[in-house]
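Numbering (this note's numbering), first residue to last: 727 to 960.
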């Protein structure tokens, strides 16, 4: 029987309707042994209405996959409204990776003809598959000062492009170089690939597909910060 006091746990759910949810759980499950500053981390898949209404969940990851499919499954299984309520709870930490970032955005282009339901949480506009199709996937080391000096091996698979950030309180954590729209053949611009707005973290790439746990550690620290703000950790 687990004797860990409830206040000394960090409960992180991973939306498990479609996509790379198990990879996130695998990394989260070994974080407590890597960072003594964190409590026991309990990571688990989230699929049901009851789980999304559980106040004990401190953070939620919406994984990469297919954003339209995730939204469609959520709507058909009756959890979309609860998911939307959960991510808009100002006391809880949320992280969207790739398709998850698209779902968190307030506007998306290059959507399917049937449209794209959005959670309308982050004040950003995104372009689906903005770097190209599956065969255009790539890995690029990016610098994210908030996780350390060592570059992070970012895996981009049919990744969205953050086209516009609509509020100044959205912090850009990391960028990549991308050919400028309408520019010359050699002109590039810095495009955000990792952003944060308070309790909300979003990445256009897949941190769960690398052995590097630092972004997962960052998210758990964010979740712990907001849990402590509510006085839930004594």
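Glycine included, every Cβ here is placed at the ideal spot set by N, Cα and C.
Where residue i falls: helix, strand or coil (DSSP)
{"i": "residue 831", "result": "strand"}
{"i": "residue 885", "result": "coil"}
{"i": "residue 807", "result": "helix"}
{"i": "residue 929", "result": "strand"}
{"i": "residue 826", "result": "helix"}
{"i": "residue 777", "result": "helix"}
{"i": "residue 743", "result": "coil"}
{"i": "residue 954", "result": "helix"}
{"i": "residue 923", "result": "strand"}
{"i": "residue 899", "result": "strand"}
{"i": "residue 782", "result": "coil"}
{"i": "residue 905", "result": "strand"}
{"i": "residue 788", "result": "strand"}
{"i": "residue 754", "result": "helix"}
{"i": "residue 913", "result": "coil"}
{"i": "residue 871", "result": "helix"}
{"i": "residue 851", "result": "strand"}
{"i": "residue 760", "result": "coil"}
{"i": "residue 766", "result": "strand"}
{"i": "residue 943", "result": "helix"}
{"i": "residue 798", "result": "helix"}
{"i": "residue 736", "result": "strand"}
Option in the options with minimal Cα separation from residue i
{"i": "residue 920", "options": "913, 902 and 934", "result": "902"}
{"i": "residue 751", "options": "760, 761, 951 and 767", "result": "767"}
{"i": "residue 807", "options": "943, 776, 841 and 883", "result": "776"}
{"i": "residue 916", "options": "819, 904 and 805", "result": "904"}
{"i": "residue 837", "options": "822, 929 and 853", "result": "853"}
{"i": "residue 791", "options": "769, 824 and 749", "result": "824"}
{"i": "residue 850", "options": "770, 735 and 918", "result": "918"}
{"i": "residue 780", "options": "757, 758, 763 and 809", "result": "809"}
{"i": "residue 772", "options": "805, 841, 897 and 930", "result": "805"}
{"i": "residue 774", "options": "834, 788 and 803", "result": "803"}
{"i": "residue 747", "options": "770, 762 and 757", "result": "770"}
{"i": "residue 822", "options": "947, 855, 930 and 954", "result": "930"}
{"i": "residue 749", "options": "787, 764 and 827", "result": "787"}
{"i": "residue 755", "options": "738, 778 and 782", "result": "738"}
{"i": "residue 867", "options": "778, 924 and 879", "result": "879"}
{"i": "residue 855", "options": "840, 875 and 889", "result": "889"}
{"i": "residue 832", "options": "762, 936, 893 and 941", "result": "893"}
Own chain residues within Cβ distance below 6 Å of residue i, not counting five before or after
{"i": "residue 869", "result": "877"}
{"i": "residue 845", "result": "810, 813, 829 and 830"}
{"i": "residue 864", "result": "882"}
{"i": "residue 835", "result": "853"}
{"i": "residue 793", "result": "825, 828 and 829"}
{"i": "residue 847", "result": "813 and 830"}
{"i": "residue 782", "result": "737"}
Residues near residue i by beta carbon distance below 7 Å, same chain, minus five either side
{"i": "residue 857", "result": "882, 885 and 887"}
{"i": "residue 727", "result": "Any reading at residue 727 is ruled out, since the residue's pLDDT is 31, under 50, leaving its predicted position unreliable."}
{"i": "residue 817", "result": "952 and 956"}
{"i": "residue 922", "result": "897 and 899"}
{"i": "residue 872", "result": "899 and 944"}
{"i": "residue 954", "result": "none"}
{"i": "residue 819", "result": "784, 785, 925, 945, 948, 949 and 952"}
{"i": "residue 778", "result": "772, 805, 808, 809 and 812"}
Cβ neighbours of residue i in the same chain (closer than 8 Å, five flanking residues each side left out)
{"i": "residue 760", "result": "939 and 943"}
{"i": "residue 736", "result": "764, 765, 766, 767, 768, 784, 785, 946, 949, 950 and 953"}
{"i": "residue 758", "result": "764, 765, 766 and 767"}
{"i": "residue 914", "result": "903, 904, 905 and 906"}
Residue i CB to nearest heavy atom of the ligand MN below 8 Å
{"i": "residue 868", "result": "Judged by which ligands are present, the structure shown has none, so any question about the ligand MN falls away."}
At least three beta-carbon pairs within less than 8 Å, the region 736 to 756 to the region 797 to 807 | Taking 8 Å as the limit for Cβ pairs, the verdict is that the region 797 to 807 does touch the region 736 to 756.
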